[in-house]
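In terms of the UniProt record's numbering, the sequence shown opens at residue 1 and continues consecutively. C-beta atoms are modelled at their ideal positions from N, C-alpha and C, and glycine is treated no differently.
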Amino acid sequence: MVSVMLDDASAAKIKTIPLSNDTVARRINDIANDLKEQLVDKLKDKRFALQFDEATDSNKDCLFIAYVRFDMTNSLCEDLLFCKYVRDRATAEELYKMLDCFLTENGLKWENCIGVCSDGAQTMAGMRKGLWALIKKASPNAEWTHCVIHREALASRHLSSELSEVMTDIVGVVNFIKTRPLKTRVFSAICEEMGAEHQAVLFHSEARWLSRGKVLSRVFELREQIRMFLEQEHKYDLAEKFSDENFLAKLAYMSDIFGKLNELNLQLQGKDKHLPQVTDKISSFTLSLQCVAGDLMKEILIHSRTCMNLLTLLTMMPPQ
1 MVSVMLDDAS
11 AAKIKTIPLS
21 NDTVARRIND
31 IANDLKEQLV
41 DKLKDKRFAL
51 QFDEATDSNK
61 DCLFIAYVRF
71 DMTNSLCEDL
81 LFCKYVRDRA
91 TAEELYKMLD
101 CFLTENGLKW
111 ENCIGVCSDG
121 AQTMAGMRKG
131 LWALIKKASP
141 NAEWTHCVIH
151 REALASRHLS
161 SELSEVMTDI
171 VGVVNFIKTR
181 PLKTRVFSAI
191 CEEMGAEHQA
201 VLFHSEARWL
211 SRGKVLSRVF
221 ELREQIRMFL
231 EQEHKYDLAE
241 KFSDENFLAK
251 LAYMSDIFGK
261 LNELNLQLQG
271 KDKHLPQVTD
281 KISSFTLSLQ
291 CVAGDLMKEI
301 LIHSRTCMNL
311 LTLLTMMPPQ
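The structure is reproduced here in structure tokens:
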């Protein structure tokens, strides 16, 4: 407007005037409301599928997140339907109430809901009192799908007793370093003195799907620094394990396997993913694991980079 009525120089000066926090917040809310109205207009009288997730923000508040997929001019569209705080307990009844209120307020019909995707938690997938059971009553024709990524994470959680013992030691070492600020600084100094590329281990979290693979990879990379740090802290039993070939071999093996699982997890994520596509990904991954297992039986490590690096280092070491 200013450039039309006056000139471009005046318009440039107007742009330099900072907006107040309230003005910025109001503009953001206006944009959000406009986007929601556009999405609701697209959804009216169309069949749609829903996907749900629960999350916790930095303030430990529970969030109920709903995504929607629908057909638009012969192509599938995906969008965020809403993200709302759960003020009370995150029960199935409370989540259904939030969802039902949103659909009713925006003129969306339950009978147009043809699919629901969620994790397998009792709150979400319970056949009698879960959110899915309540949705099934409102939309009898809807079909439920268990989130493929969640199932992949559950399948990879089980470990043999030997590998589980190694994982327990790794998590214990990482927590010993990361949960104490002084220990973290001392370990960082050791890494810097030894010229390591990274100066910190990664904190392990069961809730994060990619956590385990990244933790194992970083621990293997910094194994010498960790051994020296544990010796300084008089944790000699743990320090000896980082010099033990069998322990390191198991660590390298898990680093490779969980690295491959992370690759699969990332391939299953993202927009425009459909069931036949992710099924093909999982089938291909299963076949590749069979190839890896066959190669390992023949002592071929071409698909296990970390194991190959460890074997190379061990063969270069002088015999004791």
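Helix, strand or coil for residue i, going by three-state DSSP, please let me know.
i           : result
residue 323 : This structure cannot speak to residue 323, because the chain is shown only from 1 to 320.
L63         : strand
A239        : helix
Q269        : coil
R218        : helix
L50         : strand
K189        : Before going on, a small fix: residue 189 reads as Ala here, not Lys. Residue state, collapsed to three classes: helix.
A55         : strand
V201        : coil
S180        : The residue asked about is misnamed: residue 180 is Arg in this sequence, not Ser. R180 falls in the coil class under three-state DSSP.
R227        : helix
R27         : helix
R305        : helix
Does residue i get closer than 8 Å to chain D when you measure Cβ to Cβ?
i   : result
V86 : This model lacks chain D altogether, as it is built from one protein chain only.
Verify whether the separation of the beta carbon atoms of residue i and residue j is less than 8 Å.
i    : j    : result
F48  : A66  : no
K281 : Q290 : no
V24  : L43  : no
I177 : V215 : no
L182 : A252 : no
F285 : S255 : no
T123 : A90  : yes
A196 : L222 : yes
D79  : L39  : yes
N262 : E152 : no
A142 : C113 : yes
E192 : Q199 : yes
L108 : L131 : no
F247 : V166 : yes
K250 : L159 : no
D169 : K241 : yes
S304 : V292 : yes
E111 : S139 : yes
My guess is that residue i and residue j are in contact by the Cβ rule of under 8 Å, so how many angstroms apart are they, rounded?
i    : j    : result
Y85  : D61  : 6 Å
G259 : G213 : 5 Å
L314 : E245 : 6 Å
Handout entry: Length-filtered (4 minimum) alpha helix (DSSP H) runs lying within the region 72 to 151
Key = 92 to 105, 122 to 125 and 131 to 138
Handout entry: Contact the region 100 to 111 vs the region 18 to 35: 3+ CB pairs below 8 Å
Key = no
Handout entry: Validate contact between the region 271 to 280 and the region 220 to 231 using beta carbons, cut 8 Å, 3 pairs
Key = By the C-beta criterion, the region 271 to 280 is judged not to be in contact with the region 220 to 231, since fewer than 3 inter-stretch pairs fall below 8 Å.
Problem - Segment contact, 8 Å Cβ cut-off, at least three pairs: the region 139 to 155 with the region 112 to 121 - result: For the pair of segments examined, the region 139 to 155 was found to touch the region 112 to 121: the number of CB pairs separated by less than 8 Å reaches three.
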